[in-house]
Amino acid sequence: MKKIYIVITFLLSFTLSGCIDIFQHITKDGNGIDRNTIKVTVSKVVFAMANGMSGGGDIDYEKLFNESNTVDVQEYTQFNGSVKAVNDSLDAGYLVNMNIDYQDKTMADAINRSNISFIPKYKDKNIAIHIACIGGGAGSEGDDMSAAFLATGKYRLTVNKTCIAEIDRVTIKTRDGEKEITALDLYDNYLIEIPIPIIFMSDIDLLLYSK
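Sequential numbering from 18 applies to the sequence shown in this note's numbering.
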């Protein structure tokens with residue numbers, strides 16, 4: 018089954034030297050519905066440099082990132098998911114918006130019975146977010162080299178305090194174990210950052226523990 022990180026795999030197929038960023042923001046509206054936004058982009062400057070080194074011509078970003086050719090959000094339609102292209106002077110990629118109603122039994126069952134990437138799961142006021150590996154996994158020289166090329170990219174998550182009022186600690190689970198990472202308090206949001214190579218090498222589970 019295709020997941021939203023197919024976008025990242027698509028970008029990687031064109032350049033492994035580009036800076037790929039994933040930004041996710043989670044908040045709640047006045048009705049208690051989660052607004053889940055995910056943006057996946059690559060720097061046009063670095064993308065163009067890599068294309069030039071490979072002998073490519075001018076890049077038609079509208080065609081390259083055409084939604085109908087590259088993105089399948091079938092998994093996210095059940096969460097009222099929509100996708101649109103990002104194509105400004107600096108970045109190209111995709112923006113996905115979802116409205117997740119955890120009071121909807123059908124929607125809640127779909128979340129609980131699967132590990133769909135970027136979908137928060139709530140338990141005892143804690144939040145768990147699974148992100149499936151976007152690379153081939155650890156163990157090969159090619160994967161290690163690709164991860165090194167992607168070292169400047171980051172997955173950034175901002176969580177509004179309507180979702181988790183006060184974070185006690187944050188941990189990340191990978192195939193290598195579990196370790197604690199930093200959550201930056203930004204008054205009405207928390208910011209959590211993870212280097213892209215970690216997601217390129219392994220599935221991860223991001224765990225936010227409430228006080």
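C-beta atoms are modelled at their ideal positions from N, C-alpha and C, and glycine is treated no differently.
Could you tell me if residue i is buried or exposed, where buried requires 16 or more neighbouring beta carbons within 10 angstroms of its beta carbon?
i	result
L107	exposed
Y204	exposed
A109	buried
D38	buried
T32	In this predicted model, T32 has a pLDDT of only 44, less than 50, meaning its place in the structure is not dependable enough to derive any value.
L201	exposed
Any beta-carbon of chain B closer than 8 Å to the one on residue i?
i	result
I146	The structure shown contains no chain B; it holds only a single protein chain.
Whole angstroms is fine: what's the gap from residue i's alpha carbon to residue j's?
i	j	result
M170	K228	Reading the sequence as shown, one finds Gly at residue 170 and not Met. Roughly 30 Å separates the two Cα atoms.
T175	A127	24 Å
F27	L223	The predicted position of F27 is uncertain, since its pLDDT is 47 and thus under 50; no value can be drawn from it.
L112	V103	6 Å
T191	T58	24 Å
S85	K101	Any reading at S85 needs caution, since the residue's pLDDT is 46, under 50, leaving its predicted position unreliable; the model's value is listed next. Roughly 10 Å separates the two Cα atoms.
I23	I151	Low confidence applies to I23: its pLDDT is 46, below 50, so where it sits in the model is not reliable, and the reading given next is rough at best. So the alpha carbons of these two residues sit roughly 8 Å apart.
A182	N143	10 Å
H42	V63	25 Å
Y172	F96	22 Å
D220	H147	8 Å
E197	T123	33 Å
T188	S131	21 Å
I211	T199	10 Å
N129	I55	20 Å
D118	G98	12 Å
N206	I184	10 Å
P137	A145	6 Å
T94	D141	27 Å
I213	E92	23 Å
Report the option in the options whose CA atom is closest to the CA atom of residue i.
i	options	result
F135	R52, I37, V63	R52
G194	S99, I215, Q41, A127	I215
N116	K45, V63, N129, L224	K45
Y139	Q95, V100, Q120, R173	Q120
K178	E197, I189, L208	L208
D105	S60, N132, D118	S60
N8	C180, T188, V187	Residue 8 lies beyond the residue range present for the chain, which begins at 18 and ends at 228; the question has no answer from this structure.
R186	I55, S99, L225, R130	L225
I50	F217, I213, A125	A125
A149	F40, I55, K56, F217	F217
F40	A145, N114, E92, T94	N114
Is the closest heavy atom of the ligand SAM to the C-beta of residue i under 7 Å?
i	result
K101	Among the components of this structure there are no ligands whatsoever, and the ligand SAM is therefore not found.
Checklist line | alpha helix (DSSP H) runs wholly inside the region 103-154, at least 4 long, in chain order | finding: 122-129
Checklist line | Length-filtered (3 minimum) beta strand (DSSP E) runs lying within the region 184-208 | finding: 184-191, 194-198
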